[in-house]
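What follows is a single structure, written as structure tokens, with notes after it.
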Amino acid sequence: MSLNAVHFHIVTNHTLTMGMVLGLCVFFLALWRKDSRLTEVSLGTFVLVALAALPVFVSGAAAQRVTADLVGVSPMVVRRHQDAALAAFAVAEILGLLAWLGLWQFRRKARLHRSLVGAVALGGVVTLALMTQAATFGGEIRHPEIVGAIEPGAAAADTYTSAMPAASTSAAVASFVVTYAWVWQAAETVHFVGMCLLMGILLAVNLRIIGWMKGVAFSALHRLLPVAALGFSLNTLSGMLFVVAVPEQYTQNPAFFLKVAFLCLAGLQAAYLTVSRATWALGPGDLAGTTPRLVATSGLVLWFGVVFWGSTLPFLGLRF
Amino acid sequence: MSVFTWLEHTRLATWVGLSDSFFAYPSILLLHTIGLTLVVGVQLVVALRVIGLSPHIPLRELDGLLRLAWVGLALNVPTGVLLLIAKATQFVVNPAFYLKMLSVGLAVSIFFVMKARLDRRNEADESPCDRSSRLLAVACLSCWLLAIVAGRAMAYVGEAAEFGGV
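Line by line, the protein sequences give chains C and R.
So the mapping is simple: this note's numbering equals the position in the first sequence, first residue as 1, plus 9.
So the mapping is simple: this note's numbering equals the position in the second sequence, first residue as 1, plus 1.
Dropping the structure here:
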């Protein structure tokens, strides 16, 4: 499992920076040409990057354990990458939320609020910068040749040790969560509240598409989606506190990887609910087509799947 | 021997609390969590409509969805009892447990009062709700929030601290 996580991390992490470059190019092109369709595409790209960042970040935490045992890999270099990755991840998730809000607003009003355009532009540039930094530090873990004429192995590690800042963000976050018991307990409570927000709204929206409450226009339920997005954000934040604080509890547990996989697909499904024209057009009494109904059904399976893996992961795989 | 000690030593309670089976504690906790999402999730949607966040949802259309909330409650009463008897002697002295029961009872009662009020007024479907109904909706959601906080605190307060804690 652990070795797979390293491979997975190395294969997928490049898609994030590529996605950000692509998304930003399309976003600025759309601004320049005042093309709303292109704007939508770029916002969708940022949402995809934010979702893809979840498994990349988690597999990175798992990869850290493996590299810790490798000769010639400096823990300092790994820690520097981890800190940069944590910052990039946090900003990418904020950008994902802003971009999602943009898509939601777009579906309702066919235009974006100016402040949101500015926030996405700023968030996009900062995310790309931090991701590039994380990627560069990450590359240095196993590519000593790119940092200049130094000997690979222990010598390289020594060079970095002197350059390392004394404090580590990841370690500081971890010790904050572990030292104060109330932080963990509060994060768990927030995680349950977020789950109720997310599940309640998405249950109603997906059931409407399947054919319950046919008298409700889809747009009336679409209005509630930001509450689900709030739940998603609360749970990403609280969930990442758990992973950063006690990574081995999660990265050594196959059930957790399944949870993240379900979460990514479920996130895609929620993005579909936000932008789909087919569902937006459903007025009072209208029946959805086969495709939207299949997507809605799979959404319910995926979201309850996330709850399943989340609730049972302490008992499956490596027990804790 | 107190009734709680007896409860905790019944075969059912020891199976829930001590069995290594996935179908014991893990599955019962999972069903309790799914029930939570159904009860609170559905009542949240209704309450948000009443508060006015999504005024174009016809109130009566939500009655079908509301059945799921009662499914959730029907799931959580028996699973809650099972989780309770497994650690009866600890939960019976746990203040968070009583706070949770009080909040759940209040949340469900307030919801019933709000629903009855809305049904009685029988207003045009897409009209905004009156001030009292909106206040009841806010009170209902606040009680659910308190119930979740207290429910989580049960694992950390008093003698139950090692049960379900980190």
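Cβ coordinates follow ideal geometry from the N, Cα and C atoms, glycine included.
Since we're looking at a predicted model, the values are computed, not measured.
About 5 Å separates the beta carbons of Leu83 (chain R) and Ile29 (chain R), which is inside the 8 Å limit, making them a contact pair. Taking a C-beta distance under 8 Å as the contact criterion, Arg135 (chain R) and Ile52 (chain R) qualify as a contact pair. Taking CB atoms only, Leu303 (chain C) has no neighbour in chain R less than 8 Å away. Closest in alpha carbon position to Leu57 (chain C), among C:Cys273, C:Phe146, C:Ala72 and C:Val75, is C:Cys273. Burial check for Gly294 (chain C): the Cβ neighbour count within 10 Å stays below 16, so the residue is exposed. Membership of Ala61 (chain C) in the alpha helix (DSSP H) is indicated by the continuous run Ser45 to Thr76. Within the same chain, Arg89, His90 and Ala93 come within 6 Å of Phe146 (chain C) by CB-CB distance, once the 5 residues on both sides are set aside.
Distances from the alpha-carbon of His18 (chain C) to those of C:Leu33, C:Val35, C:Thr76 and C:Ala229 put C:Thr76 closest. By a beta-carbon distance limit of 8 Å, Leu69 (chain R) contacts Leu39 (chain R). Their separation comes to about 5 Å.
When the five nearest sequence neighbours on each side are left out, the beta carbons in the same chain lying within less than 8 Å of the beta carbon of Val87 (chain C) are those of Gln73, Thr76, Ala77 and Ile150, in order along the chain. For Val252 (chain C), the closest Cβ of chain R is not nearer than 8 Å. When rounded, the separation of the alpha-carbon atoms in Leu277 (chain C) and Leu60 (chain C) is 8 Å. Taking 8 Å as the cut-off, the Cβ atoms of Ala108 (chain C) and Phe55 (chain C) count as close.
Taking 8 Å as the CB threshold, Thr306 (chain C) stays off the interface with chain R. C-alpha of His122 (chain C) to C-alpha of Leu131 (chain C): approximately 15 Å in a straight line. Within its own chain, the residues whose Cβ lies closer than 8 Å to the Cβ of Val253 (chain C), once the five positions on either side in sequence are excluded, are Ala70, Leu95, Ser179, Val182, Ala183 and Val186, listed in chain order. At least 8 Å separates the beta-carbon of Lys101 (chain R) from that of Gly18 (chain R). For Asn215 (chain C), the enclosing alpha helix (DSSP H) covers residues Ala190 to Ile219. Listed in chain order, the positions of the segment 30 to 42 of chain R with a beta carbon within less than 8 Å of a beta carbon of chain C are Leu30, Leu31, Thr34, Ile35, Leu37, Thr38, Leu39, Val41 and Gly42. Apart from sequence neighbours up to five positions away, the residues of its chain that approach Phe98 (chain R) with a beta-carbon distance below 7 Å are Phe92 and Met155, ordered along the chain. In the DSSP assignment, Ala140 (chain R) falls within the alpha helix (DSSP H) that extends over Arg132 to Ala154. Counting the other Cβ atoms within 10 Å of the Cβ of Thr300 (chain C) gives fewer than 16, which makes it exposed. Taken through DSSP and simplified to helix, strand or coil, Leu74 (chain R) comes out as helix. With at least 16 other beta carbons inside 10 angstroms of its own, Phe66 (chain C) counts as buried. In the assembly as shown, Lys43 (chain C) is an exposed residue. Its beta-carbon has fewer than 16 other beta-carbons within 10 Å. DSSP, reduced to helix, strand and coil, places Met222 (chain C) outside both helices and strands of the structure shown, so it counts as coil. When the alpha-carbon of Asp120 (chain R) is set against those of R:Ser20, R:Leu107, R:Phe24 and R:Leu60, the nearest one is in R:Leu60. By the Cβ rule, the segment 30 to 39 of chain C counts as touching the segment 132 to 146 of chain C, because three or more pairs are nearer than 8 Å. Shown here for Val82 (chain C): same chain residues with a beta carbon closer than 8 Å to its own, the five before and five after excluded, namely Thr76, Ile150, Arg151 and Ala166 in chain order.
Selection C:Leu79, C:Trp191, C:Val225 and C:Leu63 evaluated against Val100 (chain C) yields C:Leu63 as nearest (Cα-Cα). Classified as exposed, Leu296 (chain C) has fewer than 16 neighbouring CB atoms from the shown chains inside 10 Å of its CB.
Listed by position along chain R, the residues whose Cβ is nearer than 8 Å to that of Ile210 (chain C) are Gly42, Leu45 and Val46. For Gly298 (chain C), the secondary structure class from DSSP, reduced to helix, strand or coil, is coil. Collapsing the DSSP output to three states places Ser104 (chain R) in a helix. Remark: three or more beta-carbon pairs, one from each stretch, lie closer than 8 Å, so the segment 199 to 211 of chain C and the segment 40 to 48 of chain R are flagged as touching. With a threshold of 8 Å between beta carbons, Pro96 (chain R) makes no contact with chain C.
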